[in-house]
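> Dropping a structure here in structure tokens format, bear with me for questions.
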Amino acid sequence: MMSLFTLCEEDVRLTYVSSTNGGEYAGPCPGCGGRDRFRVWPALGRFWCRQCNKKGDTITYLIEFRKVTFRVAAHLVGKQLGLPTSPNQQRTFYDAIWKNNMRRSAKN
Ligand SMILES: [Zn+2]
20 MMSLFTLCEE
30 DVRLTYVSST
40 NGGEYAGPCP
50 GCGGRDRFRV
60 WPALGRFWCR
70 QCNKKGDTIT
80 YLIEFRKVTF
90 RVAAHLVGKQ
100 LGLPTSPNQQ
110 RTFYDAIWKN
120 NMRRSAKN
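Take any residue in the sequence shown, count from 1 to its spot, add 19: that is its number in the numbering used here.
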């Protein structure tokens, strides 16, 4: 899977701050700046900004900070996973992620 950490490091400089959740890194937020308000947990594949409160996974990161559509983000991540590439199989995969994201944001 496309590494969230690698992606973040292309945008901002991250520093290891604690062993929380298998390792926590801090740095400026790719969206709103600052110094250490942006946190990344590579082992969980999650990020969170305490200032603008943007948070999520690799797909969310791509959408929020690289300004790609959900479809493109899912495609980029899916490619790394080596998923089937026939249009029908892709659609099923995207739909599953989409529904999952909807469920997740409904909970927040
Ligand atoms: Zn931010």
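Quick reminder that beta carbons are idealized off the backbone N, C-alpha and C, glycines included. Treat the numbers as computed from the prediction; the structure is a model and nothing was measured.
Using the beta carbon as the reference atom, which residues fall closer than 5 Å to any heavy atom of ligand 3, ordered along the chain?
Among the ligands in the structure shown, ligand 3 does not appear; only ligand 1 can be found there.
> Who pairs with cysteine 68 in a beta bridge, going by DSSP?
Phe57.
> Compare the Cα-Cα distances from glutamate 43 to each of Arg90, Phe66, Val91 and report the closest residue.
Phe66
> Pairs of beta-carbons, one from the region 32-42 and one from the region 57-71, closer than 8 Å: are there three or more?
yes
> Identify whether threonine 34 lies in helix, strand or coil by the three-state DSSP scheme.
strand
> In terms of DSSP beta bridges, what is glycine 52 paired with?
Its beta-bridge partners are Cys48.
> What are the boundary residues of the alpha helix (DSSP H) that threonine 77 is part of?
Counting along the chain, the alpha helix (DSSP H) containing threonine 77 begins and ends at 77-84.
> Apart from the five residues on each side of it in sequence, which residues of its chain come closer than 6 Å, Cβ to Cβ, to alanine 45?
Thr34, Val36, Asp55, Arg58
> Quick one: residues in its chain with C-beta nearer than 7 Å to the C-beta of valine 87, no 5 flanking neighbours on either side, listed in chain order?
So the qualifying residues of the chain are Leu81.
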